[in-house]
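Asker: Structure in structure tokens, see below.
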Amino acid sequence: MFGVYLTHPQVTIDPAIAVPKWGLSELGRDRARAAASNPWVRSLGRIISSHETKAVETAAILARAAGIPVETDEEMGENDRAATGFLPPQAFEEAADWFFAHPNESFKGWERAADAQLRIWNAVSYILDRHDPAIPIAFVGHGGVGTLLKCRMTGAAIARDADQPAGGGNLFAFRLADRAVTCDWTPMEFWQG
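Under the working numbering, the first residue of the sequence shown carries the number 14, and numbering increases by one thereafter.
Set out below in structure tokens:
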């Protein structure tokens, strides 16, 4: 059976609201609904989301299609960037470049990439170690930690070039039997399982 790690799609950016509270934009909701119409979603037996609003909203759309509840896990959250708060898009991209290029250092107080990778790896591994490998499962979270998880699962060094395409709403798939990645980042609405 398969597992997927799926990143939330487009969000409504509002500098007046804390980033973890941002919700999906209309485009993001449309993309999540398009993904939910695929047969692989209806085969899911579990959906585990980080606790941030945009991830929970994405997971809820998929869960309705699958007819299952959403579980949440705070350890699956995005890398902690509260030290800088909101950064405009260009500044954020520069910060993300630095974050991936210096995994053992903190960007202006951000959680280090190495620490975020260990956290997401431990969270997903803990769940999978107790999960029936005959039941398809989806993890719904964020691009930064998703990239760190994918690097760990493939044995690759932490690097920005392993990151998902811009905009979010992508997934990578893996076999539950051995956790080998079977598909690189793919727009969630186009993956066929």
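All residues carry an ideal CB built from backbone N, CA and C; glycine is no exception.
1) Going by C-alpha distance, which of K163, A169, Q103 and A190 is nearest I148?
2) Taking only the alpha-carbon atoms, compute the straight-line gap between L37 and Q205 and give it to the nearest angstrom.
3) Quick check: V198 and L161, are their CB atoms within less than 9 Å of each other?
4) Any chance you could list the beta strand (DSSP E) runs of at least 3 consecutive residues sitting entirely within the stretch 65-150, in chain order?
5) Pull up the distance between the alpha-carbon of R143 and that of V137, whole angstroms please.
6) Should the stretch 155-174 be called in touch with the stretch 106-118, which here means at least 3 C-beta pairs below 8 Å?
7) Return the chain-ordered list of same chain residues with a C-beta closer than 8 Å to the C-beta of V224, the five sequence neighbours on each side being excluded.
8) Could you please give the first and the last residue of the uninterrupted beta strand (DSSP E) stretch that includes W198?
9) What residue from I30, Q103 and S63 has the CA that sits closest to N92's CA?
10) According to DSSP, is A186 helix, strand or coil?
11) Residues bridged to V37 by DSSP?
12) May I ask you to report which of helix, strand or coil DSSP gives G156?
13) Over what stretch of residues does the beta strand (DSSP E) that includes R59 continue unbroken?
14) State buried or exposed for Y139, treating a residue as buried only when at least 16 other CB atoms are found within 10 Å of its CB.
15) For the alpha helix (DSSP H) that R55 lies in, which residues bound it at each end?
16) Please name the residue, chosen from A48, W53, V83 and A45, that lies closest to I60 on a Cα-to-Cα basis.
17) Kindly list the residues whose CB is nearer than 6 Å to the CB of V69, restricted to its own chain and excluding five residues on each side of it in sequence; keep chain order.
18) Which same chain residues, not among the five before or five after T167, have their C-beta less than 7 Å away from its C-beta?
19) Leaving out the 5 sequence neighbours to the left and right, which residues in its chain are closer than 6 Å to F15 when beta-carbon positions are compared?
Answerer: On the basis of the supplied data:
1) A190
2) One C-alpha to the other measures close to 23 Å.
3) Sequence inspection shows Trp at residue 198; the Val mentioned does not correspond to that position. No; because the gap between Cβ atoms is not below 9 Å, this pair is not in contact.
4) Counting whole runs of 3 or more residues, the stretch 65-150 contains the beta strand (DSSP E) stretches 83-85.
5) 10 Å
6) yes
7) Beyond the ends of the chain as shown, which are 14 and 206, falls residue 224; an answer cannot be given.
8) V194 to P200
9) Relative to N92, the option among I30, Q103 and S63 whose CA is nearest is S63.
10) strand
11) Residue identity check: residue 37 is Leu in the sequence provided, not Val. According to DSSP, which records beta bridges pairwise, L37 is partnered with V24.
12) helix
13) R59 to S62
14) exposed
15) P52 to R55
16) V83
17) S62
18) Excluding its 5 nearest sequence neighbours in each direction, T167 has C-beta neighbours in its own chain below 7 Å: V194, listed in chain order.
19) P149 and A186
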